[in-house]
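Chemist: One point on numbering: in UniProt numbering, the residue at position 11 of the sequence shown is 11, and numbering is uninterrupted.
Glycine included, every Cβ here is placed at the ideal spot set by N, Cα and C.
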Amino acid sequence: LLCIKRAQSLAVGHAESILYQIRKEEHQNEAKRHQQCHGPHHSTARSHCACVDESRVVLKTPGATCSTASGVLLKTLTFVRSLPSFYHVPWEDRFVLIQQNWAPLFVLGLAQERMDFDLREVLGPSLLKKILLNQSSTASNEPGSASLGTSLAEVQKIKNLLWKFWDLDISAREYAYLRGIILFHSVKTSCPKMSPLCTKLQQEAQQALMELISMMFNRNLSRFAWILQLITSLHDIDADAIEELFFRSILGEATLN
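Structural data, given as structure tokens:
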């Protein structure tokens with residue numbers, strides 16, 4: 001009997017030791033991630049942190065922010081509808097252009113409206129909690145599982161671009177030409193039969209922007225080159241991330257496309 005009790009005691013002690021090691025490892029990993037991201041020599045602009053890739057965020061004030069974002073999207077669509085040259089493009093090409101370019105147009109609208117937004121991090125269940133509750137580590141990836149927010153890395157891309165646009169202090173006329181450049185941007189690989197008119201209209205918008213900048217900044221076209229580079233970065237923004245962050249609470253299961 002004494003041997004049995006001793007064996008049971010050792011088993012319990014071993015189990016507690018395993019849980020202790022798990023908790024200790026989690027704390028160590030969390031401390032290491034925090035040091036990598038927030039250490040004295042860390043720079044978000046120049047280094048890449050693994051915790052940014054893993055972090056998920058949601059809006060801190062979703063009600064007000066989503067309402068403002070919807071207003072920005074409405075203004076963007078109103079601009080597109082009021083553009084006579086847009087209706088010269090075949091209707092099937094118009095559909096593709098909006099589907100491909102609504103996200104960069106929306107972010108450009110955020111920049112023009114100088115709309116900033118605050119975030120809060122969404123914490124997923126810890127490894128220890130999954131073990132204690134007998135949860136699968138892949139349960140959160142199953143279809144129909146609850147959303148865990150938007151990738152912090154993708155949201156930081158948006159915020160970084162907004163700050164760059166704000167630093168340039170772009171005028172209303174420049175924004176108008178930028179919308180034209182973005183709207184008539186077509187990806188040839190996915191739309192090989194896109195009307196040549198789209199390319200022509202985009203080139204006209206670029207030419208108009210270049211002439212405006214040349215006139216406003218004494219023929220200094222470095223600003224023009226910098227703005228075109230920002231436009232290229234706009235097309236790298238993940239449309240799904242924008243939809244999830246700003247419009248999921250409004251759309252439900254629907255999609256903007």
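Going by alpha carbons, who is nearest to residue 169 out of 216, 72, 104 and 246?
Modeler: Position 169 of the sequence shown holds residue 169. Ranking 216, 72, 104 and 246 by Cα distance to residue 169 puts 216 first.
Chemist: Contact defined as beta carbons within less than 8 Å: I believe residue 184 pairs with residue 230. What is the distance between those atoms, to the nearest angstrom?
Modeler: Translated into positions along the sequence shown, residue 184 becomes position 184. Translated into positions along the sequence shown, residue 230 becomes position 230. Not quite, the Cβ-Cβ distance comes to about 17 Å (not below 8 Å), so this is no contact.
Chemist: Please report the residue range of the alpha helix (DSSP H) in which residue 94 lies.
Modeler: For the purposes of this step, residue 94 is identified with residue 94 of the sequence shown, where counting begins at 1. Per DSSP, residue 94 belongs to the alpha helix (DSSP H) from 91 to 112.
Chemist: Taking the Cβ atom as the reference point for each residue, do residue 90 and residue 195 lie within a distance shorter than 8 Å?
Modeler: What you label residue 90 is simply residue 90 of the sequence shown in a count that begins at 1. What you label residue 195 is simply residue 195 of the sequence shown in a count that begins at 1. Yes. Within cutoff.
Chemist: Would you say the stretch 196 to 208 touches the stretch 64 to 74, given that touching needs at least three Cβ pairs under 8 Å?
Modeler: As far as the Cβ criterion goes, the stretch 196 to 208 does not touch the stretch 64 to 74, which means the pair count is below three.
Chemist: Let's see if you can read the secondary structure: which residues bound the beta strand (DSSP E) around residue 243?
Modeler: As a first step, residue 243 must be located in the sequence shown, where it is residue number 243. First-last for residue 243: undefined, no H or E at that position.
Chemist: Spatial neighbours of residue 115 within its chain, please: CB distance less than 7 Å, with the 5 preceding and 5 following residues excluded, ordered by chain position.
Modeler: By 1-based counting over the sequence shown, the position of residue 115 is 115. Only 68 and 72 meet the Cβ criterion.
Chemist: Given a threshold of 16 other Cβ atoms within 10 Å of its Cβ, counted over all protein chains shown, does residue 139 qualify as buried or as exposed?
Modeler: Position 139 of the sequence shown holds residue 139. Confidence is the limiting factor: at residue 139 the pLDDT is only 45, short of 50, which leaves the residue's position unreliable and the question unanswerable from this model.
Chemist: Just the Cα atoms here: how many angstroms apart are residue 155 and residue 102?
Modeler: In the sequence shown, the residue the question calls residue 155 occupies position 155. In the sequence shown, the residue the question calls residue 102 occupies position 102. Answer to the nearest angstrom: the Cα atoms are 17 Å apart.
Chemist: What three-state label does DSSP hand residue 221 in the structure shown?
Modeler: Here residue 221 is taken as the residue at index 221 of the sequence shown, counted from 1. DSSP places residue 221 in coil when its eight states are reduced to three.
Chemist: Does the beta-carbon distance from residue 227 to residue 106 come in below 8 Å?
Modeler: Taking the sequence shown and counting its residues from 1, one reaches residue 227 at position 227. Taking the sequence shown and counting its residues from 1, one reaches residue 106 at position 106. Not a contact, by the Cβ cut-off of 8 Å.
Chemist: Express the C-alpha separation of residue 152 and residue 74 in angstroms, rounding to a whole number.
Modeler: Indexing the sequence shown from 1 puts residue 74 at position 74. Indexing the sequence shown from 1 puts residue 152 at position 152. Cα to Cα, the separation comes out at about 25 Å.
Chemist: For residue 206 and residue 214, what's the separation of their Cα atoms in angstroms?
Modeler: By 1-based counting over the sequence shown, the position of residue 206 is 206. By 1-based counting over the sequence shown, the position of residue 214 is 214. Going by the C-alpha atoms only, they are around 12 Å apart.
Chemist: If you run the structure through DSSP and keep just helix, strand and coil, what is residue 119?
Modeler: Stepping through the sequence shown from its first residue, residue 119 is reached at position 119. If DSSP states are grouped into helix, strand and coil, residue 119 belongs with the strands.
Chemist: Of all the alpha helix (DSSP H) runs that stay within the bounds of the stretch 166 to 218, which reach a length of 4 or more residues?
Modeler: Counting whole runs of 4 or more residues, the stretch 166 to 218 contains the alpha helix (DSSP H) stretches 172 to 183 and 196 to 216.
Chemist: Can you tell me which residues form a DSSP beta bridge with residue 150?
Modeler: Position 150 of the sequence shown, counted from the first residue, corresponds to residue 150. DSSP output for residue 150 lists 57 as bridge partner(s).
Chemist: Alpha carbons only, please: which of 236, 58, 109 and 61 is nearest the one belonging to residue 77?
Modeler: Working through the sequence shown from its first residue, we reach residue 77 at position 77. The shortest Cα separation from residue 77 among 236, 58, 109 and 61 belongs to 109.
Chemist: Give the straight-line distance between the Cα atoms of residue 94 and residue 222, rounded to the nearest whole angstrom.
Modeler: The residue labelled residue 94 in the question sits at position 94 within the sequence shown. The residue labelled residue 222 in the question sits at position 222 within the sequence shown. Computed Cα separation, rounded: 32 Å.
Chemist: Just the Cα atoms here: how many angstroms apart are residue 82 and residue 220?
Modeler: Looking up residue 82 in the sequence shown gives position 82. Looking up residue 220 in the sequence shown gives position 220. The straight-line gap from Cα to Cα measures roughly 31 Å.
Chemist: Between the Cα of residue 57 and the Cα atoms of 96, 119 and 163, which residue gives the shortest distance?
Modeler: Against the sequence shown, residue 57 aligns to sequence position 57. The candidate whose alpha carbon is nearest that of residue 57 is 119.
Chemist: Does the distance from the C-beta atom of residue 212 to that of residue 179 stay below 8 Å?
Modeler: Reading the sequence shown from its first residue, position 212 is the one you call residue 212. Reading the sequence shown from its first residue, position 179 is the one you call residue 179. No, Cβ-Cβ distance for residue 212 and residue 179 is not below 8 Å.
Chemist: How should residue 70 be labelled, buried or exposed, when 16 other C-beta atoms within 10 angstroms of its C-beta is the threshold for buried?
Modeler: Looking up residue 70 in the sequence shown gives position 70. Exposed, since its Cβ has fewer than 16 Cβ neighbours within 10 Å.
Chemist: Would a C-beta distance cut-off of 8 Å place residue 112 and residue 177 closer than the cut-off?
Modeler: The residue given as residue 112 occupies position 112 in the sequence shown. The residue given as residue 177 occupies position 177 in the sequence shown. No; because the gap between Cβ atoms is not below 8 Å, this pair is not in contact.
Chemist: Is residue 233 helix, strand or coil when you go by DSSP?
Modeler: On the sequence shown, residue 233 is found 233 positions in, with the first residue counted as 1. Three-state result, residue 233: helix.
Chemist: Is it buried or exposed for residue 59, if we count other Cβ within 10 angstroms and need 16 for buried?
Modeler: The residue given as residue 59 occupies position 59 in the sequence shown. Answer is buried; the Cβ neighbour count reaches 16.
Chemist: Which residue wins for smallest C-alpha separation from residue 232, given the options 182, 240, 210 and 218?
Modeler: Here residue 232 corresponds to residue number 232 of the sequence shown, with the count starting at 1. Nearest of 182, 240, 210 and 218 to residue 232, Cα basis: 182.
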